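Student: Handing you a structure now.
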């Protein structure tokens, strides 16, 4: 192998000049080969390792033999060692006794540069000496590339020369300073027995696990960008995070009547103790903490309250406590993505979704039907309890001829048979739904689909609703955050959401979506009607709101 190739490479020829042509012999295999070399990070390898990686890259013996009989094979056979410092592979080549050359290859684009012995030795030192920056007083963590290190150090220089709060925040947000996080469960019921599935526990697991995954991905990304190999450790703890006074009216004063089912006496007490002794509290929105000008926040209502006959709380939760931290949950971008991303669309689900929405047959999965398939669909998905106010939305729709002429209504949630539910509230809501369907003759304009658990199909369902130029409506009497609002907006679906709680913070009214007042059905339904009438006269209006919603989500 060497004799044939060495004749082509004279003593006067430079390895650095010859190697680019050698790599071009099979650029595809070379990209793959160098990617394998840098995949395991920094290391020093000998000739046998270099050849082993080549065998793994090109499994076909004849093809590998042909490549290695050429100039590339000669160069590799003359290599004594190689220092791998991603993205670079730096070769120490000895073509003849007493003659050494050093070449650096970028694994990303296969660019070849000849370097001096001193530069090669620096790369070799980097394999073993991870503290070389300490010579200048810097520890690891300034960046994973020279460019990022330069940017971070420039930030430091600017802060030292003329510091201001914005520059300081930018610098500290980049420096790695967080490796361990404790997640406090968003719902108080999680640690209690036989309560999963009761009101306000249904979305609990999704909230927590999605939030942990999102935090872990973000931490890993930030740590990697700063040039560290540390792996964050995230602990999940289960303490209360959803005090119910804002959701169940007078649940403190009437605690005794709720206690058999919801155990508010023990929940409120446990929540107060745990929150006041905690070092770090995660909330979904500012609304949860201090509400708005017109409505007290979820925690604010527990500043002073009474549970007659049990206890009187005069200094419960301090909403100005710095331990509060807002970390809004997000939707999984691989599941909930814009309807316009045609190449990503989960088309395998579309026939089943078509059946789910438009089939005229009634079964255990869907009842009611949509006569006019050309109409846009207004859509809502939630469990059936009074706070979610799904039956309220159905009633608004049923009583408004104007909206019924413009759109169809599709609801996803609960059971159809009230006897299957173990929850009193859900049973009442199911009966109310059946009454509204019959009383207002909704067949032909209304579809009720039983609760769906396949999140991937649900993601495509949002997008199919967007294909009809429809909208998502979240009419809850109170919603601390509103994960479905985020999911819908992520899919590009214009969204109408309650102004009571977190969604009011997510949506900029009239710009990226719309606020509706769940206590004023006429005003809310007229707002929805006006939107669809405007879309009818100006089709671009739907696209404007859809794009603004996506932009708002990306901003947050």
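In full-length UniProt numbering, the protein residues as written are 1 to 556. The beta carbon of each residue, even a glycine, is placed where N, CA and C say it ideally should be. Note that this is a predicted model, so its numbers are computed, not measured.
(1) Quick one: give me the first and last residue of the beta strand (DSSP E) that residue 351 is part of.
(2) Do you know offhand how far residue 228's Cα is from residue 140's?
(3) Tell me the rounded alpha-carbon separation between residue 384 and residue 395.
(4) Taking its Cβ as the centre, do 16 or more other Cβ atoms sit within 10 Å of residue 252, making it buried, or is it exposed?
(5) Sort 486, 480, 467 by Cα distance to residue 473 and report the nearest one.
(6) Could you give the first and the last residue of the continuous alpha helix (DSSP H) run that contains residue 86?
(7) For a quick check, are the C-beta atoms of residue 275 and residue 317 less than 8 Å apart?
(8) Of all the alpha helix (DSSP H) runs that stay within the bounds of the stretch 456-533, which reach a length of 4 or more residues?
(9) Would the C-beta of residue 59 count as close to the ligand MG, meaning under 7 Å from any of its heavy atoms?
(10) From residue 517 to residue 523, what distance separates their C-alpha atoms?
(11) May I ask you to report which of helix, strand or coil DSSP gives residue 535?
(12) Candidates 315, 508, 99, 109: which alpha carbon is nearest residue 117's?
(13) When DSSP builds the beta bridges, which residues end up paired with residue 113?
(14) When you compare the CB positions of residue 289 and residue 323, do they come within less than 8 Å of one another, or not?
(15) DSSP three-state call for residue 2: helix, strand or coil?
(16) Using the beta-carbon count (16 or more within 10 Å), is residue 422 buried or exposed?
(17) Which residues mark the beginning and the end of the alpha helix (DSSP H) in which residue 443 is found?
(18) Just how far apart, CA to CA, sit residue 190 and residue 148?
(19) Contact between the stretch 423-439 and the stretch 547-556 is defined here as three or more beta-carbon pairs at a separation below 8 Å; is this criterion met?
(20) Near residue 402, what residues of its chain come up, given a Cβ to Cβ distance below 6 Å and the 5 sequence neighbours on each side ignored?
(21) So residue 325 is in the beta strand (DSSP E); what residue range does that whole segment cover?
(22) Quick test of the definition: if touching needs 3 or more C-beta pairs under 8 Å, does the stretch 76-90 touch the stretch 44-62?
(23) Locate the beta strand (DSSP E) running through residue 366, then write down its first and last residues.
(24) Taking its Cβ as the centre, do 16 or more other Cβ atoms sit within 10 Å of residue 231, making it buried, or is it exposed?
(25) Is it the case that the Cβ atoms of residue 386 and residue 429 are separated by a distance below 8 Å?
(26) Residue 89 and residue 559 - do their beta-carbons sit closer together than 8 Å?
(27) Cβ atoms of residue 443 and residue 397: under 8 Å apart, would you say?
(28) Ignoring anything shorter than 3 residues, give me the beta strand (DSSP E) runs that lie fully in the stretch 382-456, in order along the chain.
(29) Can you tell me whether residue 261 is buried or exposed? The criterion is at least 16 other CB atoms within 10 Å of its CB, across all chains shown.
(30) Which residue from 123, 254, 464, 526 puts its Cα closest to that of residue 42?
(31) Among 269, 284, 376, 20, which residue has its Cα nearest to the Cα of residue 536?
(32) Shortest alpha-carbon distance to residue 490 belongs to which of 351, 461, 54, 476?
(33) Hey, quick one: how far does the alpha helix (DSSP H) through residue 149 stretch, first residue to last?
(34) For residue 168, is the classification buried or exposed, using 16 other Cβ atoms within 10 angstroms of its Cβ as the cut-off for buried?
(35) Where does residue 304 land, buried or exposed, given buried means 16+ other C-beta within 10 angstroms?
(36) Quick one: residues in its chain with C-beta nearer than 8 Å to the C-beta of residue 364, no 5 flanking neighbours on either side, listed in chain order?
Tutor: In terms of the structure at hand:
(1) Locating residue 351 in the chain shown gives position 351, counting from the first residue. The continuous stretches of beta strand (DSSP E) do not include residue 351, which lies in the alpha helix (DSSP H) extending over residues 350-358.
(2) Residue numbering aside, residue 228 sits at position 228 when the chain shown is read from its first letter. Residue numbering aside, residue 140 sits at position 140 when the chain shown is read from its first letter. Here the C-alpha atom of residue 228 lies approximately 7 Å from the C-alpha atom of residue 140.
(3) Reading the chain shown from its first residue, position 384 is the one you call residue 384. Reading the chain shown from its first residue, position 395 is the one you call residue 395. Computed Cα separation, rounded: 14 Å.
(4) For the purposes of this step, residue 252 is taken as the residue at position 252 of the chain shown. With 16 or more other Cβ atoms inside 10 Å of its own Cβ, residue 252 counts as buried.
(5) Your numbering for residue 473 matches position 473 in the chain shown. Among 486, 480, 467, the Cα nearest to that of residue 473 is on 486.
(6) Counting from 1 along the chain shown, the entry for residue 86 is found at position 86. That residue, residue 86, is in no alpha helix (DSSP H); it is neither H nor E in DSSP.
(7) Position 275 of the chain shown holds residue 275. Position 317 of the chain shown holds residue 317. It is a contact, given that the beta carbons lie within the stated cut-off.
(8) Entirely contained in the stretch 456-533, the alpha helix (DSSP H) runs reaching 4 residues are, in chain order, 483-490, 503-506.
(9) Questions concerning the ligand MG fall outside what the structure shown contains, since it holds no ligand whatsoever.
(10) The residue given as residue 517 occupies position 517 in the chain shown. The residue given as residue 523 occupies position 523 in the chain shown. If you take the alpha carbons of residue 517 and residue 523, they lie about 7 Å apart.
(11) Here residue 535 is taken as the residue at index 535 of the chain shown, counted from 1. DSSP places residue 535 within a helical segment (H, G or I) once states are collapsed to three.
(12) Mapped onto the chain shown, residue 117 falls at position 117. Selected option, being the one with the closest Cα: 99.
(13) Counted from its first residue, the chain shown places residue 113 at position 113. Note: residue 113 sits in a beta bridge opposite 104.
(14) The count along the chain shown starts at 1 and reaches residue 289 at position 289. The count along the chain shown starts at 1 and reaches residue 323 at position 323. Taking 8 Å as the Cβ cut-off, residue 289 and residue 323 do not qualify as a contacting pair.
(15) Along the chain shown, read from residue 1 onward, the residue named residue 2 stands at position 2. Annotation note: pLDDT 43 at residue 2 (below 50); position unreliable, no value reported.
(16) Here residue 422 refers to the residue found at position 422 of the chain shown. Flag for residue 422 reads exposed.
(17) Locating residue 443 in the chain shown gives position 443, where the first residue counts as 1. First-last for residue 443: undefined, no H or E at that position.
(18) Counting from 1 along the chain shown, the entry for residue 190 is found at position 190. Counting from 1 along the chain shown, the entry for residue 148 is found at position 148. The pLDDT assigned to residue 190 is 39, lower than 50, so where the model puts this residue is not dependable; a value taken from the coordinates is nonetheless given after this. When rounded, the separation of the alpha-carbon atoms in residue 190 and residue 148 is 42 Å.
(19) No, the stretch 423-439 is not in contact with the stretch 547-556.
(20) Sequence index remark: in the chain shown, residue 402 carries index 402 (1-based). Excluding its 5 nearest sequence neighbours in each direction, residue 402 has C-beta neighbours in its own chain below 6 Å: 529, listed in chain order.
(21) The sequence position of residue 325 within the chain shown is 325, counting from 1. Looking at the DSSP string, the run of the beta strand (DSSP E) that includes residue 325 is 324-326.
(22) With a cut-off of 8 Å, the stretch 44-62 and the stretch 76-90 count as touching, because enough Cβ pairs lie within range.
(23) The residue you call residue 366 lines up with position 366 of the chain shown. Run containing residue 366: 366-370, per the beta strand (DSSP E) assignment.
(24) Reading the chain shown from its first residue, position 231 is the one you call residue 231. Counting Cβ neighbours within 10 Å, residue 231 comes out exposed, since fewer than 16 surround it.
(25) Position 386 of the chain shown, counted from the start, is the residue given in the question as residue 386. Position 429 of the chain shown, counted from the start, is the residue given in the question as residue 429. With a cutoff of 8 Å on beta-carbon distance, residue 386 and residue 429 are scored as near each other.
(26) Since the first and last residues shown for the chain are 1 and 556, residue 559 lies out of range.
(27) Here residue 397 is taken as the residue at index 397 of the chain shown, counted from 1. Here residue 443 is taken as the residue at index 443 of the chain shown, counted from 1. Going by C-beta atoms, residue 397 is not nearer than 8 Å to residue 443.
(28) Taken in chain order, the complete beta strand (DSSP E) segments of 3 or more residues contained in the stretch 382-456 are 408-412, 445-449.
(29) Reading the chain shown from its first residue, position 261 is the one you call residue 261. Residue 261 comes out exposed.
(30) Here residue 42 refers to the residue found at position 42 when the chain shown is read from its first residue. Comparing Cα-Cα distances from residue 42 to each of 123, 254, 464, 526, the minimum goes to 123.
(31) Residue mapping note: residue 536 aligns to position 536 of the chain shown, counting from 1. Looking only at 269, 284, 376, 20, the smallest Cα-Cα distance to residue 536 is reached by 376.
(32) By 1-based counting over the chain shown, the position of residue 490 is 490. Of 351, 461, 54, 476, the residue nearest in Cα terms is 461.
(33) Here residue 149 refers to the residue found at position 149 of the chain shown. Its alpha helix (DSSP H) spans residues 146-162.
(34) The residue labelled residue 168 in the question sits at position 168 within the chain shown. Burial check for residue 168: the Cβ neighbour count within 10 Å stays below 16, so the residue is exposed.
(35) As a first step, residue 304 is located in the chain shown; it is residue number 304 there, counting from the start. Classification of residue 304: exposed, given that the 10 Å Cβ count is below 16.
(36) If you number the chain shown from 1, residue 364 lands on position 364. The residues are 416, 450.
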